Structures are given as structure tokens and as C-alpha cells.
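Heads up: the structure comes next, in C-alpha cells.
In this note's numbering, the protein residues as written are 132 to 240.
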């Protein structure tokens, strides 16, 4: 009964870990580069991970900040648009990553 209540509470909370995970899984399913694209590691600041997933039709950059403080981040050259961020107030693709942020950028053609 406790687990059922916890799931019900997380389903009702748009910011819950359950809904965060569901959103990422739906995004992966909807974006070809995320489920069949080449993996290209990128140089990133200490405590961060950045890589490209790329197909001939689409490039998506994944950037993750594992630190408790912001981290400078500069995407590769090109015009990028935020596809997903764990911090919805983020609106600048080249802004510093906030603490523990997960950001996915799609390259505009």
C-alpha cells in the first residue's frame, strides 16, 4: 500500500522523478538521434558530461552537470535550441549549466 501511495503521489507531481524519467523516455522514443544516432563524446568541464547523438537528419547534444554548482558550457558551433532541460527556466542553449542540470539541445538546420 505504501508503494502504491508513493507512485500515485509521484504521478500527480509534474516535477517528480517518475515524471522526469517518463519524459526522458518519451523524448528518446520520439527523437531518432537519441535511439539510433552515433555517439560522439565532447570536451566538457570537470564534473560534467557532454556528448552528441547524431544521424544524417538530426544532431542532439546531451549535457549533464553532476556538480552542486553551475558549470560553464559552450555548445559546438551552430544554432542550437533547447529540446529538454531539468531546469525549465533555462532558455539560453549556451548558458551555464545549473547545478545537477540535464540539458538536451537539438541542432537547427
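All C-beta atoms, glycine included, are put in the ideal place defined by N, C-alpha and C.
Fair warning: this is a prediction, and the values are worked out from it, not measured in the lab.
Indicate whether residue i and residue j have their beta-carbon atoms separated by less than 8 Å.
| i | j | result |
| --- | --- | --- |
| residue 176 | residue 199 | no |
| residue 228 | residue 194 | yes |
| residue 236 | residue 206 | yes |
Around the C-beta of residue i, are 16 or more other C-beta atoms found within 10 angstroms, so that it is buried, or is it exposed?
| i | result |
| --- | --- |
| residue 142 | exposed |
| residue 153 | exposed |
| residue 161 | exposed |
| residue 234 | buried |
| residue 238 | buried |
| residue 174 | exposed |
| residue 190 | buried |
Taking only the alpha-carbon atoms, compute the straight-line gap between residue i and residue j and give it to the nearest angstrom.
| i | j | result |
| --- | --- | --- |
| residue 192 | residue 184 | 6 Å |
| residue 216 | residue 136 | 27 Å |
| residue 219 | residue 158 | 15 Å |
| residue 209 | residue 224 | 11 Å |
| residue 155 | residue 171 | 20 Å |
| residue 222 | residue 201 | 15 Å |
| residue 182 | residue 168 | 11 Å |
Go to residue i, then tell me how far its beta strand (DSSP E) extends in each direction, as first and last residue.
| i | result |
| --- | --- |
| residue 184 | 179-185 |
| residue 196 | 190-196 |
| residue 172 | 169-172 |
| residue 228 | Segment: none, residue 228 is in no beta strand (DSSP E) and carries neither H nor E. |
How far does the alpha helix (DSSP H) with residue i in it reach, from first residue to last?
| i | result |
| --- | --- |
| residue 238 | Not the alpha helix (DSSP H): residue 238 falls in the beta strand (DSSP E), residues 233-238. |
| residue 215 | Here residue 215 belongs to no alpha helix (DSSP H); instead the beta strand (DSSP E) covers 211-216. |
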